[in-house]
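A.B. asks: Below is a structure I'd like to ask you about.
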Amino acid sequence: MLFDQVLLFAVSRFAGNRSNAAIYHLITGRKSIQTIQDAKLFHMQNIYGIYPVLKKHIYDRRIHELAAAGLIRLHNGERAGCSLTEKGHEHCNPEEIPSYHYLLGMAYHETGPVFMKRLFLYVQTFSNTANGNSKFIPIVDDGAAMSWVRTAYRNAKGREAKFMAQLYRELEKILETCTEEEANLFADRLSGHRHIGKSLDQLAIEEGMSVPDVYLVLTAVIHRMLSAASSNSEQFPILTSFASTDRDKQTVSDSAAVTRRLLGQGLGTDQVAAARNLKENTVLDHIVEIALHDRHYSIRPFVSEQEEAQIMNVLENVQSAKLKEIKEAVAGGVTYFQIRLVLARTNHMNEAGAANE
Amino acid sequence: MSESDLGRLEEQLHRYFGYSAFRTGQQQIIEDILAGQDVFGILPTGTGKSVCYQLPAKLIPGLTIVVTPLVSLMLDQVKELQAIRYKGAAALNSFVSPLERKRIFRDIHMYDLIYVSPELLQQKEVLAALKRTEISLFVIDEAHCISQWGHEFRPDYLKLGDILESLGSPQVLALSATAAPFVREDIRRILKRPGLLERIYPMDRENIALSIQPAQDEEDKLSVIMKWLQKDPGPSLIYFSSRIASEETAQRLIARLPDKRIAFYHGGMDQMDRVLVQQQFMNGQLDIICCTSAFGMGINKKDIRLVIHYHFPPNLESFIQEIGRAGRDGGNSISLLLYNEQDLFLTKRLLENELPGEGALHAIFQILGGLVSSGRTQIGQGPEYQNLFQVNETQWRFLYYQFEKHGIIKDNQLVYEEAVWKGAFQEIQRHIKHRMAYKETKLSEMAAWMMETGCLREALYRHFQEGFKVPEINCCISCGLDESLYENQGAEMHHDRHAASWKDKLQAIFFCGGVQ
Numbered sequence: 151m152l153f154d155q156v157l158l159f160a161v162s163r164f165a166g167n168r169s170n171a172a173i174y175h176l177i178t179g180r181k182s183i184q185t186i187q188d189a190k191l192f193h194m195q196n197i198y199g200i201y202p203v204l205k206k207h208i209y210d211r212r213i214h215e216l217a218a219a220g221l222i223r224l225h226n227g228e229r230a231g232c233s234l235t236e237k238g239h240e241h242c243n244p245e246e247i248p249s250y251h252y253l254l255g256m257a258y259h260e261t262g263p264v265f266m267k268r269l270f271l272y273v274q275t276f277s278n279t280a281n282g283n284s285k286f287i288p289i290v291d292d293g294a295a296m297s298w299v300r301t302a303y304r305n306a307k308g309r310e311a312k313f314m315a316q317l318y319r320e321l322e323k324i325l326e327t328c329t330e331e332e333a334n335l336f337a338d339r340l341s342g343h344r345h346i347g348k349s350l351d352q353l354a355i356e357e358g359m360s361v362p363d364v365y366l367v368l369t370a371v372i373h374r375m376l377s378a379a380s381s382n383s384e385q386f387p388i389l390t391s392f393a394s395t396d397r398d399k400q401t402v403s404d405s406a407a408v409t410r411r412l413l414g415q416g417l418g419t420d421q422v423a424a425a426r427n428l429k430e431n432t433v434l435d436h437i438v439e440i441a442l443h444d445r446h447y448s449i450r451p452f453v454s455e456q457e458e459a460q461i462m463n464v465l466e467n468v469q470s471a472k473l474k475e476i477k478e479a480v481a482g483g484v485t486y487f488q489i490r491l492v493l494a495r496t497n498h499m500n501e502a503g504a505a506n507e
Numbered sequence: 081m082s083e084s085d086l087g088r089l090e091e092q093l094h095r096y097f098g099y100s101a102f103r104t105g106q107q108q109i110i111e112d113i114l115a116g117q118d119v120f121g122i123l124p125t126g127t128g129k130s131v132c133y134q135l136p137a138k139l140i141p142g143l144t145i146v147v148t149p150l151v152s153l154m155l156d157q158v159k160e161l162q163a164i165r166y167k168g169a170a171a172l173n174s175f176v177s178p179l180e181r182k183r184i185f186r187d188i189h190m191y192d193l194i195y196v197s198p199e200l201l202q203q204k205e206v207l208a209a210l211k212r213t214e215i216s217l218f219v220i221d222e223a224h225c226i227s228q229w230g231h232e233f234r235p236d237y238l239k240l241g242d243i244l245e246s247l248g249s250p251q252v253l254a255l256s257a258t259a260a261p262f263v264r265e266d267i268r269r270i271l272k273r274p275g276l277l278e279r280i281y282p283m284d285r286e287n288i289a290l291s292i293q294p295a296q297d298e299e300d301k302l303s304v305i306m307k308w309l310q311k312d313p314g315p316s317l318i319y320f321s322s323r324i325a326s327e328e329t330a331q332r333l334i335a336r337l338p339d340k341r342i343a344f345y346h347g348g349m350d351q352m353d354r355v356l357v358q359q360q361f362m363n364g365q366l367d368i369i370c371c372t373s374a375f376g377m378g379i380n381k382k383d384i385r386l387v388i389h390y391h392f393p394p395n396l397e398s399f400i401q402e403i404g405r406a407g408r409d410g411g412n413s414i415s416l417l418l419y420n421e422q423d424l425f426l427t428k429r430l431l432e433n434e435l436p437g438e439g440a441l442h443a444i445f446q447i448l449g450g451l452v453s454s455g456r457t458q459i460g461q462g463p464e465y466q467n468l469f470q471v472n473e474t475q476w477r478f479l480y481y482q483f484e485k486h487g488i489i490k491d492n493q494l495v496y497e498e499a500v501w502k503g504a505f506q507e508i509q510r511h512i513k514h515r516m517a518y519k520e521t522k523l524s525e526m527a528a529w530m531m532e533t534g535c536l537r538e539a540l541y542r543h544f545q546e547g548f549k550v551p552e553i554n555c556c557i558s559c560g561l562d563e564s565l566y567e568n569q570g571a572e573m574h575h576d577r578h579a580a581s582w583k584d585k586l587q588a589i590f591f592c593g594g595v596q
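Residue numbers (my numbering), protein chains in the order written: chain W, 151 to 507; chain P, 81 to 596.
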């Protein structure tokens, strides 16, 4: 259900303006400028990166099944996209699924998996040690999560029961606002002392759901926990601690950082390209990346105030358009690079809104 | 070794592992290692092969490297070591993040034991890090993989001999549960260690009865399996030759046997889900696992009672390994192989798919020639080349290794020399024929065993060792089996909590120490 609805939703938003691969990139959270901008331009921040481990062949198969069921129409030609049929429009109603409303992909696509691993491992560790068992096989194979939980455990040693009671209260409070199905899936996934949680396949078979649906519902519940914790950290201290990261600020790639330094020394984009033996387009990509991550980075050397205003004007009027169409609609001619820079800027303007969505 | 020395060794065993005595073969092999010998140890499954290097790793200065075929196997071992507080062990594999890897390399001299895949050993960065430290022991676990997999799936296994030289020729320990004399010879040759001291312990397991049953078709197999499972045989494994078959049959069994706890397991599953299924089985939350050969190596569950082969493996070695997962506690257990004539064709086709055919090789050389004449000499191991040459992943890995070996590919570049290519073509063609013939021989050994009308035990082990222990009761289907011996073996079930609310489930985990 949820998986299909997410796909139909994305198809309806793109409305044939992007290839099928773009939907896949969006859902798996590809970190390309194009994909991030697509998420914002077409208002699909909520589903960006919600299913990073989705395999391409599973995605392709489902798209074709939806087409075979007459819900979407596949367009022909190179890089063809797809659009909803009339029947598809009737069936596309993601807002009727409760867990859909919890999804906040753009905000939590990175924190979510980290949060989940820490939570599972924390519960398994505390449940075991509270029962005097320190020899158990951790269900999460992730060095970073393990060392995080180890530290948390050391700080809580001797008071495990108190921490467990607190975490129980926090989870209970949130799960009470979820549906029975959501709460049950979540509870079945947890491991503790002498009890190992269920795999996605097992949950899918038991509940008569598809594996992608189980995955997405669990992701949605995690997002709900994250947003509850971030809006009320005093009420959810332990969940809040699972969400903390060392690098709350996203950093740009090393290569983009070098480009930024050279630009700062007064080199032009062509000179940076020559100095680093890169194509000039790569250097331009770096600049967009920097603008996307650093709201204080001035784009003025590359886009004049007037050009920016023109692009903004077109963006407001032709919302769901391809870069090419935007370019054609701007009088006086601007480059793709300039459009992308302005888009990167508008991201920041929308960001405050996106986090509170 | 004197009495007091032995006492000290046992003391160390107890200190690190909590065991009070060595099991068959362990002590002899450890003594050989401490005396500086290169050793080839063949120990039956379930007798604690890993102690043979985990203990020496603690006792001798320098690093012990363990080459392991499966990432899951590596992770299990490291986790088990962590669980007993054995420090200084790490696993290097593709799941380890670059940062974590850098950290391990930086502190390399702090480790006693590092597990690594043969593929990772090919990376310059990994080799360079290992060269910076003193390597005192180089272990090849599941060493039969060198011969069984090296020639096709895992050509990097064939390079272990060169790796050993580049690491300064450290002492070697090869370990396996099954290796016929021919395979042992192959391993010695590939490792370039003709002097490996063989320590072979009999691999026959008298507590595992052997049964073969013909089946008309899939439905027939399913009903035989259901008949067995309904008798409550205890923890059971069912082996399949494909991932999809393991999933589908598991789902059918789940639908038909609602009171049994059944799951599937294969190498295509997500890492965490693999751990969950494995641990549920260890923890007694599952009765039956439908799996591929990816399940089992390194799984240390002692009370598996029944191993069914829905599909038979391509050789007797694999079969012995897989049934050897049963009855490690010494209790009565049984192996049941289901056989249908179609299966032979299926297995044959799987084998043939591992290598490119004769016609395909011709076409591949033509494409190679085309690449060279159009100046596109850059080449790699990626999937785009599988498409280009119309071969599968295994075949491309095999070919790439062969092309490197014969000088057609050097440093990811095609190098054209007419005479070299002609010779290489013939060599590779001959090699493929040779390998196919070898595999077919192994397969026909397996097939012949399935047709055996005499004692199955005698027929199974005669390829590997002289003689075997004759069980007092229940040897095999030919000698006579009392199947009631394997009934009502299920342990107490922790009952599923279908009726329980999510709050009950959470409370059980948070406050009551799990579900009872």
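Note that the Cβ used here is the ideal one computed from N, Cα and C, for glycine as well.
#1: Count the other C-beta atoms from every protein chain shown that fall within 10 angstroms of the C-beta of residue 408 of chain P, then say buried if there are 16 or more, exposed otherwise.
#2: Residue 268 of chain P lies in the alpha helix (DSSP H); which residues open and close that run?
#3: If you pair each beta-carbon of the region 330-341 of chain W with each one of the region 577-591 of chain P, do three or more pairs fall below 8 Å?
#4: Would a C-beta distance cut-off of 8 Å place residue 193 of chain P and residue 107 of chain P closer than the cut-off?
#5: Could you check how far apart the C-beta atoms of residue 291 of chain P and residue 416 of chain P are, in whole angstroms? I think they sit under 8 Å.
#6: For residue 553 of chain P, count neighbouring C-beta atoms within 10 Å of its own C-beta (all shown protein chains included) and say buried if the count is 16 or more, exposed if not.
#7: Only counting the same chain, and skipping five residues up and downstream in sequence, which positions put a Cβ closer than 6 Å to that of residue 447 of chain W?
#8: Give the DSSP bridge partners of residue 169 of chain P, in chain order.
#9: Listing by chain order, which chain P residues have their CB less than 7 Å from the CB of residue 318 of chain W?
#10: With DSSP collapsed to three states, give me the class of residue 89 of chain P.
#11: Roughly how many angstroms separate the alpha carbons of residue 492 of chain W and residue 459 of chain W, rounded to a whole number?
#12: Provide the residue(s) that pair with residue 369 of chain W in DSSP beta bridges, ordered along the chain.
#13: Can you grab the Cα-Cα spacing for the pair residue 367 of chain P / residue 147 of chain P, in whole Å?
#14: Buried or exposed: residue 231 of chain W, going by 16 or more other Cβ atoms within 10 Å of its Cβ?
#15: Please work out which residues of its chain come closer than 7 Å, Cβ to Cβ, to residue 155 of chain P, disregarding the five sequence neighbours upstream and downstream, and give them in chain order.
#16: Going residue by residue through the region 240-313 of chain W, where are the continuous alpha helix (DSSP H) segments of at least 4 residues, counting only ones entirely within it?
#17: By the criterion of Cβ-Cβ separation under 8 Å, what are the contact partners of residue 344 of chain P in chain W?
#18: If contacts are defined as beta-carbon pairs under 8 Å, then residue 413 of chain P and residue 384 of chain P qualify, I think. What distance do you get, rounded to the angstrom?
#19: Can you tell me whether DSSP reads residue 490 of chain P as helix, strand or coil?
#20: How about residue 314 of chain P and residue 570 of chain P: are their beta carbons less than 8 Å apart?
#21: Between residue 197 of chain W and residue 172 of chain W, how many whole angstroms is the CB-CB distance? I'm expecting something under 8 Å.
#22: Tell me the residue span of the alpha helix (DSSP H) that contains residue 335 of chain P.
#23: If you measure beta-carbon to beta-carbon, which residues of the region 348-379 of chain W are closer than 9 Å to chain P?
#24: Under a Cβ-count criterion, where at least 16 other Cβ atoms within 10 Å of its own Cβ denotes burial, should residue 309 of chain P be classed as buried or exposed?
#25: Does the Cβ-Cβ distance between residue 143 of chain P and residue 214 of chain P come in under 8 Å?
#26: Going along chain W, which residues have a C-beta under 9 Å from residue 379 of chain P?
#27: In whole angstroms, give me the CA-to-CA distance for residue 293 of chain W and residue 178 of chain P.
#28: Quick check: what's the CA-CA separation for residue 566 of chain P versus residue 311 of chain P?
#29: With 8 Å set as the bound, which would you pick, yes or no: does the beta-carbon of residue 449 of chain W sit closer than that to a beta-carbon of chain P?
#30: Helix, strand or coil: how does DSSP classify residue 144 of chain P here?
#31: Alpha carbon to alpha carbon, how far is residue 582 of chain P from residue 168 of chain W?
#32: What in chain P is Cβ-close to residue 333 of chain W, meaning under 7 Å?
#33: Could you tell me which residues DSSP pairs with residue 223 of chain W in its beta bridges?
#34: Based on DSSP bridge pairs, tell me the residues matched to residue 121 of chain P.
#35: Compute the Euclidean distance between the alpha carbons of residue 159 of chain P and residue 93 of chain P, then round it to the nearest angstrom.
#36: Sort P:505, P:400 and P:332 by Cα distance to residue 439 of chain P and report the nearest one.
C.D. replies: If we stick to the structure as given:
#1: With 16 or more other Cβ atoms from the protein chains shown falling within 10 Å of its own Cβ, residue 408 of chain P counts as buried.
#2: Membership of residue 268 of chain P in the alpha helix (DSSP H) is indicated by the continuous run 261-271.
#3: The way I'd put it, the region 330-341 of chain W does touch the region 577-591 of chain P; three or more beta-carbon pairs between them come closer than 8 Å.
#4: For the pair residue 193 of chain P and residue 107 of chain P, the CB atoms are not nearer than the 8 Å cut-off.
#5: Correct: roughly 5 Å between the Cβ atoms.
#6: Taking all protein chains shown into account, residue 553 of chain P has fewer than 16 neighbouring C-beta atoms within 10 Å of its C-beta and is therefore exposed.
#7: Same-chain partners within the cutoff: 440 and 441.
#8: Bridge pairing for residue 169 of chain P: P:193 [DSSP].
#9: The answer, in chain order, is 586 and 590.
#10: Of the three classes helix, strand and coil, the one that applies to residue 89 of chain P here is helix, per DSSP.
#11: Their backbone Cα atoms lie some 9 Å apart in a straight line.
#12: According to DSSP, residue 369 of chain W shares a beta bridge with no other residue.
#13: Rounded to whole angstroms, residue 367 of chain P to residue 147 of chain P spans 32 Å at the Cα level.
#14: When all chains shown are included, residue 231 of chain W counts as buried.
#15: So the qualifying residues of the chain are 171.
#16: Fully enclosed alpha helix (DSSP H) runs of no fewer than 4 residues occupy 255-258, 261-280 and 293-306 of the region 240-313 of chain W, in order along the chain.
#17: What residue 344 of chain P touches in chain W: 351.
#18: That pair is a contact at about 7 Å.
#19: Residue 490 of chain P carries a strand assignment under DSSP once its states are collapsed to helix, strand and coil.
#20: Taking 8 Å as the cut-off, the Cβ atoms of residue 314 of chain P and residue 570 of chain P count as close.
#21: Not confirmed; about 12 Å, so no contact.
#22: Here the alpha helix (DSSP H) through residue 335 of chain P covers 323-336.
#23: Listed by position along the chain: 348, 349, 350, 351, 352, 355 and 356.
#24: The Cβ neighbour count for residue 309 of chain P, taken over all protein chains shown within 10 Å, is at least 16; the residue is labelled buried.
#25: The Cβ atoms of residue 143 of chain P and residue 214 of chain P sit closer than 8 Å to each other.
#26: Residues of chain W passing the Cβ test: none, with the nearest at roughly 12 Å.
#27: In this model, residue 293 of chain W and residue 178 of chain P are separated by some 12 Å (Cα to Cα).
#28: In a straight line, the C-alpha of residue 566 of chain P is about 8 Å away from that of residue 311 of chain P.
#29: Output row for residue 449 of chain W: interface = no.
#30: Residue 144 of chain P falls in the strand class under three-state DSSP.
#31: About 42 Å.
#32: Correct list: 582.
#33: Beta-bridge pairing by DSSP links residue 223 of chain W to W:233.
#34: Note: residue 121 of chain P is bridge-paired with P:255 and P:279 in the DSSP secondary-structure output.
#35: In a straight line, the C-alpha of residue 159 of chain P is about 19 Å away from that of residue 93 of chain P.
#36: Restricting attention to P:505, P:400 and P:332, the CA atom closest to the CA of residue 439 of chain P is found in P:505.
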